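Structure first, then comments.
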Amino acid sequence: MAVKTVLVTGGAGYIGSHTVLQLLLGGYKVVVVDNLDNSSETAIKRVKELAGKSKSNISFYKLDLRDRAALEKVFSSKKFDAVIHFAGLKAVGESVHKPLVYYDNNLIGTIILFEVMAAHGCKKLVFSSSATVYGWPKEVPCTEEFPLSAANPYGRTKLIIEEICRDIYNAESEWKIILLRYFNPVGAHPSGSIGEDPRGIPNNLMPFVQQVAVGRLPTLKVFGTDYKTRDGTGIRDYIHVVDLADGHIAALNKLDDPNIGCEVYNLGTGKGTSVLEMVKAFEQASEKKIPLVMVGRRPGDAEIVYASTGKAAKELNWKAKYGIDEMCRDQWNWASKNPYGYGSAENSSKKR
Ligand code: NAD
Ligand code: UD1
């Protein structure tokens, strides 16, 4: 079978870098485009090191998706079999304060990407959507047919891009599009060489826990202890980032199915874990105590969210392999080897 070449937008980022590595190890050629707004070129360097003899199968271009001319140049230089589109801004709180920045970056960037893809006859796409589109689900597990909503501008960009994808396919049926709704990606590659490296104070639970463990932050605030859950704290479906990365390979394979149009799949484990359970698992993995402060609920947070995994298992032939102990083990391995992520203590608080 001919070697496939995949364009990965946002491939220097957290999920992107893990996916690029799995692609290289799986025999794909990969071209990464990223403006490094929320990432570091060191991630690409480390991916190359981990890829061994496949390291020559990756090239990297530092560019912004909204720079149409630069993107055109990349598409003119190579023929892509498919695009995996990770690039976007993802901080929910920031999106509430700077909605136009989010609409500009996420929507305009995506529209330009789709236009350039179409102009070059590349109509196969895997897009990073999010479980955020389920809002506060009335019941769990969340199936792909659940009603969709958006509680903030970030979530709205996901919802709008999903709708754009459905419209594109309805207009031109040669497009093949897979929308992947990720639940809560955590952990890191087992090597400890690549992982999540958020700028500024982390918004998400596990990056925050990790920074408490390495002494960068004093305490973890637990947002809400009065939910109707087994211990009162919120429940989520945490998924190991390597499992998530493998889900993208499964999605790429599915794009070869002649019957695929525009399809959506959840990528989760189907298991719910509370904040306190996650903290306990991390404490065991790291042998560090995480001091807690119980505070009120975070606005916009749902009570219980976890995935129905049946559709991905049946149609993508993909299932998550790792549990929370492995997620915490690998998160700690990354954190202890890289307490300041890809950077140093001096520039760790750099903000956009
Ligand atoms: P990330 O910030 O680590 O990676 C995104 C990458 O895109 C970064 O490297 C950033 O520099 C790049 N980027 C942003 N805007 C760009 C632009 N205009 N042009 C070029 N590059 C640009 O985030 P991640 O956690 O790896 O998430 C990847 C995707 O998955 C995002 O679309 C995110 O919304 C989505 N997602 C993430 C989560 C999560 O919890 N991490 C959950 C659901 C969905
Ligand atoms: C958040 C976003 C969601 C996004 C997802 C993945 C909000 C309201 N939602 O979801 O849109 O798709 O991240 O990027 O921001 N928690 C604490 N203390 C903390 C941080 C989190 O107790 O310092 C709790 C939360 O209340 C929640 C759980 O930990 O119960 C997980 O939080 P988080 O990692 O932010 O993910 P989501 O809330 O699922």
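Each residue of the sequence shown is one higher than the last, beginning at 747 in this note's numbering.
Using N, Cα and C, we set each Cβ at its ideal position, and we do this for glycine too.
Nothing here was measured: the structure is a model prediction, and the numbers come from that model.
Measuring straight from C-alpha to C-alpha, what distance separates Gly757 and Ala828?
Per the coordinates, the alpha-carbon of Gly757 lies some 14 Å from the alpha-carbon of Ala828.
What are the start and end residues of each continuous alpha helix (DSSP H) run of 4 or more residues lying completely inside the segment 799 to 885, in chain order?
Those alpha helix (DSSP H) runs which fall completely within the segment 799 to 885 and span 4+ residues are 814 to 823, 838 to 843, 845 to 848, 855 to 865.
Cα-Cα separation, Ala877 to Ala1053
Within the model, the alpha-carbon separation for Ala877 versus Ala1053 is close to 8 Å.
Is Tyr760 near ligand 1, going by C-beta to nearest heavy atom under 7 Å?
Checking the Cβ of Tyr760 against ligand 1 gives yes.
Would you kindly report the start and end of the unbroken alpha helix (DSSP H) that includes Ile1070?
Where Ile1070 is concerned, the enclosing alpha helix (DSSP H) stretches over 1070 to 1083.
Would you mind working out which of Leu846, Ile940, Pro1037 sits nearest Ser763, comparing C-alpha positions?
Answer by Cα proximity: Ile940.
How many whole angstroms separate the CB atoms of Ala789 and Tyr1088, which I take to be in contact at a CB cut-off of 8 Å?
A Cβ-Cβ separation of about 6 Å places Ala789 in contact with Tyr1088 under the 8 Å criterion.
Going by the C-beta, is Arg902 closer than 7 Å to any heavy atom of ligand 1?
No, since every heavy atom of ligand 1 falls outside the 7 Å radius drawn around the Cβ of Arg902.
Flag Asp780 as yes when its Cβ comes closer than 7 Å to any non-hydrogen atom of ligand 2, and as no otherwise.
Within the chosen limit of 7 Å, ligand 2 does not reach the beta carbon of Asp780 with any heavy atom.
Chain-order list of residues whose beta-carbon lies under 7 Å from that of Thr967 (same chain, five-residue window excluded):
It is worth fixing the name first, because residue 967 is Lys in this sequence and not Thr. Counting only Cβ-Cβ distances below 7 Å, and skipping sequence neighbours, we find Val1039, Val1041.
Contact test: Arg812 Cβ vs ligand 1 heavy atom, cutoff 7 Å:
Under cutoff, so the answer is yes.
Ligand 1 and Phe832: does any heavy atom of the ligand fall closer than 7 Å to the residue's C-beta?
Answer for Phe832: yes, Cβ within range of ligand 1.
Let me confirm a value: Met747 is counted as buried when at least 16 other C-beta atoms fall within 10 Å, else exposed. Which label applies?
Exposed: under 16 other Cβ atoms inside 10 Å.
Does the Cβ-Cβ distance between Leu769 and Val749 come in under 8 Å?
With a cutoff of 8 Å on beta-carbon distance, Leu769 and Val749 are scored as not near each other.
Does the Cβ of Ser882 have 16 or more other Cβ atoms within 10 Å, making it buried, or fewer, making it exposed?
Before going further, note that residue 882 is Trp rather than Ser in the sequence given. Around the beta carbon of Trp882, a 10 Å sphere encloses fewer than 16 other beta carbons of the protein chains shown; the residue is thus reported as exposed.
Should Gly843 be labelled buried (16 or more other beta-carbon atoms within 10 Å of its own) or exposed?
Here the sequence assigns His to residue 843, which means Gly is not the residue at that position. Taking all protein chains in view, the Cβ of His843 is surrounded by fewer than 16 other Cβ atoms within 10 Å, so the residue is classified as exposed.
Is it the case that the segment 985 to 998 contacts the segment 1028 to 1037, given that we only count it when at least three CB pairs across the two stretches are under 8 Å?
With a cut-off of 8 Å, the segment 985 to 998 and the segment 1028 to 1037 do not count as touching, because too few Cβ pairs lie within range.
Since Lys775 sits in a beta bridge, which residues does DSSP pair it with?
DSSP, once it has assigned bridges, lists Thr751 as partnering Lys775.
Does the Cβ of Lys1026 lie closer than 7 Å to at least one heavy atom of ligand 2?
Because no heavy atom of ligand 2 lies under 7 Å away, the Cβ of Lys1026 does not count as near it: no.
Beta carbon proximity, Lys1083 to chain C, threshold 8 Å
This model lacks chain C altogether; it includes just one protein chain.
Please say whether Val879 and Glu908 have beta carbons closer to each other than 8 Å?
Note that the C-beta distance between Glu908 and Val879 is below 8 Å.
When we look at the beta-carbon of Ile947 and count the other beta-carbons within 10 Å, is it buried (16 or more) or exposed?
When all chains shown are included, Ile947 counts as exposed.
Relative to the C-alpha of Val971, which residue among Asn1063, Ser786, Glu1049 is closest?
Val is not the amino acid found at residue 971; the sequence shown has Thr there. Among Asn1063, Ser786, Glu1049, the Cα nearest to that of Thr971 is on Glu1049.
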